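For reference, the structure discussed in these notes is given below.
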Amino acid sequence: MTEFKNIVVTGGAGFIGSNFVHYVYNNHPDVHITVLDKLTYAGNVNNINMLFDSGRVELVVGDIADPEIVDQVASKADAIVHYAAESHNDNSLKSQDEFIQTNFIGTYTLIQAARKYDLRFHHVSTDEVYGDLPYREDLPGHGEGEGEKFTDKTPYNPSSPYSSTKAASDLIVRAWVRSFGLKATISNCSNNYGPFQHIEKFIPRQITNILSGIKPKLYGDGKNVRDWIHTEDHSSGVWTILTKGQMGETYLIGADGEKNNKEVLEDILTRMGKDKDDYDRVTDRAGHDLRYAIDNSKLRTELGWTPKHTDFESGLQATIDWYRENENWWKAEKDAVEAKYAETQKVLDK
Ligand code: NAD
Ligand code: DAU
Numbered sequence: 021m022t023e024f025k026n027i028v029v030t031g032g033a034g035f036i037g038s039n040f041v042h043y044v045y046n047n048h049p050d051v052h053i054t055v056l057d058k059l060t061y062a063g064n065v066n067n068i069n070m071l072f073d074s075g076r077v078e079l080v081v082g083d084i085a086d087p088e089i090v091d092q093v094a095s096k097a098d099a100i101v102h103y104a105a106e107s108h109n110d111n112s113l114k115s116q117d118e119f120i121q122t123n124f125i126g127t128y129t130l131i132q133a134a135r136k137y138d139l140r141f142h143h144v145s146t147d148e149v150y151g152d153l154p155y156r157e158d159l160p161g162h163g164e165g166e167g168e169k170f171t172d173k174t175p176y177n178p179s180s181p182y183s184s185t186k187a188a189s190d191l192i193v194r195a196w197v198r199s200f201g202l203k204a205t206i207s208n209c210s211n212n213y214g215p216f217q218h219i220e221k222f223i224p225r226q227i228t229n230i231l232s233g234i235k236p237k238l239y240g241d242g243k244n245v246r247d248w249i250h251t252e253d254h255s256s257g258v259w260t261i262l263t264k265g266q267m268g269e270t271y272l273i274g275a276d277g278e279k280n281n282k283e284v285l286e287d288i289l290t291r292m293g294k295d296k297d298d299y300d301r302v303t304d305r306a307g308h309d310l311r312y313a314i315d316n317s318k319l320r321t322e323l324g325w326t327p328k329h330t331d332f333e334s335g336l337q338a339t340i341d342w343y344r345e346n347e348n349w350w351k352a353e354k355d356a357v358e359a360k361y362a363e364t365q366k367v368l369d370k
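Using my numbering, read the sequence shown as starting at 21 and increasing by one per residue.
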């Protein structure tokens with residue numbers, strides 16, 4: 021039996037939030053989940069609606085920056101797990117208002133409610149708050165899987181409007197712990213992959229490009245390294261921290277999955293029966309972070325967490341299969357997403 025019977029999951033209709041809802045639904049049958057989600061372009065009711073009939077999962081459509089709706093759901097809960105965010109770096113380079121509003125003001129609104137009702141609060145954040153790490157192919161020890169990694173002691177140094185608003189939200193959570201005794205923990209996770217990821221993101225964009233007869237798009241030289249983790253392992257990490265974490269502590273979640281973008285793209289192309297060079301290299305993202313890498317030893321040793329999906333290749337194959345089998349989940353949006361990217365590229369190419 022778990023100590024939390026009624027949890028609020030903000031952003032539970034998005035990619036990682038909905039995977040967490042499924043994870044809790046499947047593994048903790050005594051827990052009732054209220055999803056608070058605004059259903060922005062990134063939220064999709066189809067990610068969770070198959071769970072509604074059970075009576076164990078309900079959706080409240082609302083904004084985390086709206087104190088009234090937040091008060092309403094918080095008053096009936098014993099914990100909040102906070103995923104809701106504007107989450108895409110490329111979007112944050114075009115327009116910043118929603119990032120400040122949701123990521124900063126939204127988090128502020130939630131922690132005020134958590135304070136009022138003395139709720140357990142878990143804040144889901146990103147490794148991007150730490151900025152990027154060096155990666156020099158010519159220096160031994162600076163390749164993937166080696167060299168410096170982020171720890172919970174790494175100084176904050178965010179690069180983009182997205183990551184800086186996430187960093188700002190982490191800092192207010194920390195201050196609320198210290199000043200008001202908020203019962204909070206924070207996790208900073210690396211890049212997730214798996215089912216239900218919006219097709220604006222790297223892996224699903226390339227898979228759905230190939231399925232749509234469009235050439236994949238690689239930013240710059242493709243040497244940027246991301247530390248890939250299957251979203252189910254992120255979910256088990258968050259659940260472990262929620263139930264076993266020390267108040268006020270920050271835990272980094274990662275599964276030793278460093279790969280550069282070019283090799284991930286070549287792997288996708290090969291698995292989908294294409295030539296590994298059959299892609300377009302496009303103008304790089306402004307301020308593009310070079311390398312992320314997580315030292316997960318604190319979560320492993322202090323809380324006993326271990327990732328299950330340590331074979332990236334089989335996780336990637338399952339993800340390709342999921343997008344192939346669930347065309348109705350993404351097809352209607354594809355043209356609009358690519359049209360938006362084409363506009364961005366025009367500006368970058370000027
Ligand atoms: P996503 O963009 O797929 O989903 C975000 C969800 O939040 C959507 O359902 C959206 O409708 C909802 N939302 C947005 N604004 C809202 C608001 N004002 N009020 C209520 N709901 C709102 O995002 P994701 O990739 O699933 O990321 C979820 C969280 O995990 C974010 O906090 C992100 O910073 C963090 N994170 C993501 C990754 C990754 O690889 N995607 C890695 C580490 C951490
Ligand atoms: O590290 C965690 C972060 O991972 C999360 O906090 C963010 O919410 C999440 O979006 C992700 O950020 P990235 O910017 O790393 O993810 P994205 O999928 O946008 O891009 C992954 C890498 O692929 C990045 O180096 C940029 C590159 N890329 C991306 C797209 C969309 C391409 O080369 N081509 C593309 O078309």
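Ideal Cβ placement from N, Cα and C applies to all residues, glycine included. Fair warning: this is a prediction, and the values are worked out from it, not measured in the lab.
Residues of its chain near residue i, where Cβ-Cβ distance is below 7 angstroms and the 5 sequence neighbours each way are ignored
| i | result |
| --- | --- |
| Gln365 | Val302 and Thr303 |
| Lys354 | Ile219, Thr228 and Ser232 |
| Asp315 | Lys169, Phe170, Thr171 and Leu272 |
| Gly397 | Residue 397 lies beyond the stretch modelled for the chain, which goes from 21 to 370, so this question has no answer here. |
| Thr330 | Ala275 |
| Gly240 | Asp304 and His308 |
| Gln226 | Pro236, Leu285 and Ile288 |
| Tyr176 | Val149, Tyr150 and Ala187 |
Nonlocal neighbours in the same chain, by C-beta distance under 6 angstroms from residue i, ignoring five residues either side
| i | result |
| --- | --- |
| Met267 | Lys203 |
| Asn280 | Lys243 and Val245 |
| Leu262 | His142 |
| Trp342 | Pro215 |
| Val197 | Ala204 and Gly268 |
| Ala188 | Phe124 |
First and last residue of the uninterrupted beta strand (DSSP E) at residue i
| i | result |
| --- | --- |
| Val65 | No beta strand (DSSP E) contains Val65, which DSSP labels as neither H nor E. |
| Leu56 | His52 to Asp57 |
| His102 | Ala99 to His102 |
| Glu23 | Here Glu23 belongs to no beta strand (DSSP E), and DSSP marks it neither H nor E. |
| Glu78 | Val77 to Val81 |
8 angstroms Cβ cutoff met for residue i and residue j
| i | j | result |
| --- | --- | --- |
| Glu88 | Glu106 | no |
| Asp149 | Lys186 | The sequence shown places Val at residue 149, not Asp. Going by C-beta atoms, Val149 is nearer than 8 angstroms to Lys186. |
| Asp151 | Asp309 | The displayed chain sequence assigns Gly, not Asp, to residue 151. The answer is yes: Cβ separation under 8 angstroms. |
| Ser207 | Ile273 | yes |
| Gly214 | Thr251 | yes |
| Ile68 | Ser112 | no |
| Glu269 | Thr205 | yes |
| Leu139 | Ala195 | no |
| Arg305 | Asn109 | yes |
| Val65 | Ile27 | no |
| Val41 | Leu71 | yes |
| Ile288 | Leu336 | yes |
| Val90 | Tyr45 | no |
| Ile230 | Pro236 | yes |
| Asp147 | Tyr361 | no |
| Gly307 | Ser180 | yes |
| Trp349 | Thr260 | no |
| Pro327 | Ile249 | yes |
Residue from the options with nearest C-alpha to residue i
| i | options | result |
| --- | --- | --- |
| Gly233 | Lys264, Asp300, Thr263 and Gly214 | Asp300 |
| Asn211 | Ser180, Phe200 and Asp253 | Asp253 |
| Val55 | Gly63, Asn109 and Pro49 | Gly63 |
| Arg344 | Phe216, Thr260, Asn123 and Pro49 | Phe216 |
| Ser183 | Cys209, Lys318 and Asp297 | Cys209 |
| Asp57 | Ser74, Gly31 and Arg76 | Gly31 |
| Pro49 | Lys136, Leu289, Lys25 and Thr60 | Lys25 |
| Gly126 | Asp190, Ser255 and Gly324 | Asp190 |
| Val81 | Trp349, Gly34 and Lys351 | Gly34 |
| Val29 | Val357, Asp83, Trp325 and Asp73 | Asp83 |
| Thr60 | Gln116, Ala104, Lys318 and Gly75 | Ala104 |
| Arg291 | Val258, Thr339 and Glu23 | Thr339 |
| Gly257 | Ser317, Phe332 and Lys282 | Ser317 |
| Val367 | Leu79, Asn346, Glu347 and Lys114 | Lys114 |
| Leu153 | Asp247, Ile53 and Leu79 | Asp247 |
| His102 | Lys221, Gln116, Ser255 and Tyr155 | Ser255 |
is_contact[residue i, chain B] using C-beta, thresh 8 angstroms
| i | result |
| --- | --- |
| Lys264 | In the displayed structure, chain B is absent; only one protein chain is listed. |
Cut-off 8 angstroms between Cβ atoms - residues of its own chain near residue i, not counting five sequence neighbours on either side
| i | result |
| --- | --- |
| Asp86 | Thr129 |
| Tyr137 | Ala94, Ser95 and Ala97 |
| Val193 | Thr127, Ile131, Phe141, His143, Leu202, Ala204 and Ile206 |
| Arg135 | Trp196, Phe200 and Leu202 |
| Lys10 | Coverage of the chain is limited to positions 21 through 370, which leaves residue 10 absent and any answer about it impossible. |
| Asp298 | Lys235, Pro236 and Leu289 |
Range covered by the alpha helix (DSSP H) that runs through residue i
| i | result |
| --- | --- |
| Ala362 | Glu347 to Asp369 |
| Phe35 | Phe35 to Asn47 |
| Asn177 | It is not in any alpha helix (DSSP H) - Asn177 carries neither H nor E in the DSSP assignment. |
| Ile89 | Pro87 to Ala94 |
| Asp110 | Asn109 to Ser112 |
To test your reading of the DSSP string, which unbroken beta strand (DSSP E) runs of 3 or more residues are found completely within the stretch 191-278? Runs of the beta strand (DSSP E) lying entirely within the stretch 191-278 and spanning at least 3 residues, in chain order: 203-209, 237-239, 245-247 and 270-273.
Runs of alpha helix (DSSP H) lying entirely within the stretch 114-172, each at least 4 residues, in chain order: The qualifying runs are 127-136.
Kindly provide the ranges of any beta strand (DSSP E) runs that are 3 or more residues long and lie completely inside the stretch 273-338, ordered along the chain. Secondary structure within the stretch 273-338: the beta strand (DSSP E) runs of 3 or more consecutive residues, fully enclosed, are 278-280 and 300-302 (chain order).
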